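In my numbering, the protein residues as written are 1051 to 1186.
Below: the structure, in structure tokens.
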């Protein structure tokens, strides 16, 4: 098993960093271009959700990844507001920030590009999104 974990500020400039970091970590597995783009997109959505919805004035995000054979587990965690109603938040087109012109498709996108996602959240303590993908 191979693992990595990085911590970065919850600012929009770091969304691209998270995409590149995960892609770089996965390269030794020689993933298909489709798989790497799917994973980068899902990570981007999870990090963006943490930045936009997790905090009002910044915070930190942890991005971790473990690889066991062809199975990849990625966790994006913030320590912000948390999600009041996870099921509602996972509904397509739902956004807690309509004033920011958000589309409400973050979880839908993550679910479409990964094999499985799990969301854990506690109000006032933050949210962790765990995403699973098997490389083919």
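Virtual Cβ for every residue (Gly too), placed ideally from N, Cα, C.
Note that the structure is predicted; figures quoted are calculated from it, not measured.
Measuring only the C-alpha atoms, how far is residue i from residue j?
| i | j | result |
| --- | --- | --- |
| residue 1114 | residue 1099 | 16 angstroms |
| residue 1062 | residue 1101 | 7 angstroms |
| residue 1159 | residue 1141 | 11 angstroms |
| residue 1095 | residue 1052 | 24 angstroms |
| residue 1169 | residue 1106 | 20 angstroms |
| residue 1167 | residue 1157 | 9 angstroms |
| residue 1057 | residue 1064 | 10 angstroms |
| residue 1134 | residue 1122 | 28 angstroms |
Quick check on this structure: which residue in the options has the alpha carbon closest to the alpha carbon of residue i?
| i | options | result |
| --- | --- | --- |
| residue 1066 | 1108, 1118 and 1091 | 1091 |
| residue 1138 | 1086, 1171, 1059 and 1057 | 1171 |
| residue 1060 | 1054, 1068 and 1133 | 1068 |
| residue 1104 | 1118, 1181 and 1131 | 1131 |
| residue 1182 | 1120, 1071, 1078 and 1129 | 1120 |
| residue 1129 | 1110, 1184, 1186 and 1157 | 1110 |
| residue 1126 | 1077, 1179, 1162 and 1075 | 1179 |
| residue 1097 | 1070, 1082 and 1078 | 1070 |
| residue 1177 | 1082, 1078 and 1136 | 1136 |
| residue 1161 | 1080, 1093, 1112 and 1082 | 1093 |
| residue 1186 | 1163, 1082, 1075 and 1076 | 1082 |
For residue i, verify whether its CB is less than 7 angstroms away from any heavy atom of the ligand COA.
| i | result |
| --- | --- |
| residue 1111 | With respect to the ligand COA, the structure shown offers nothing to examine, as it has no ligands at all. |
By the three-class DSSP mapping on this structure, what secondary structure does residue i have?
| i | result |
| --- | --- |
| residue 1056 | strand |
| residue 1159 | helix |
| residue 1165 | coil |
| residue 1125 | strand |
| residue 1085 | helix |
| residue 1175 | coil |
| residue 1105 | coil |
| residue 1170 | strand |
| residue 1136 | helix |
| residue 1183 | strand |
| residue 1062 | coil |
Within the same chain, show all residues whose beta-carbon is closer than 6 angstroms to that of residue i, passing over the 5 residues directly before and after it, in chain order.
| i | result |
| --- | --- |
| residue 1055 | 1114 |
| residue 1117 | 1052 |
Can you list, in chain order, the residues of its chain whose CB lies under 8 angstroms from that of residue i, leaving out five sequence neighbours each side?
| i | result |
| --- | --- |
| residue 1073 | 1086, 1089 and 1090 |
| residue 1174 | 1131 and 1132 |
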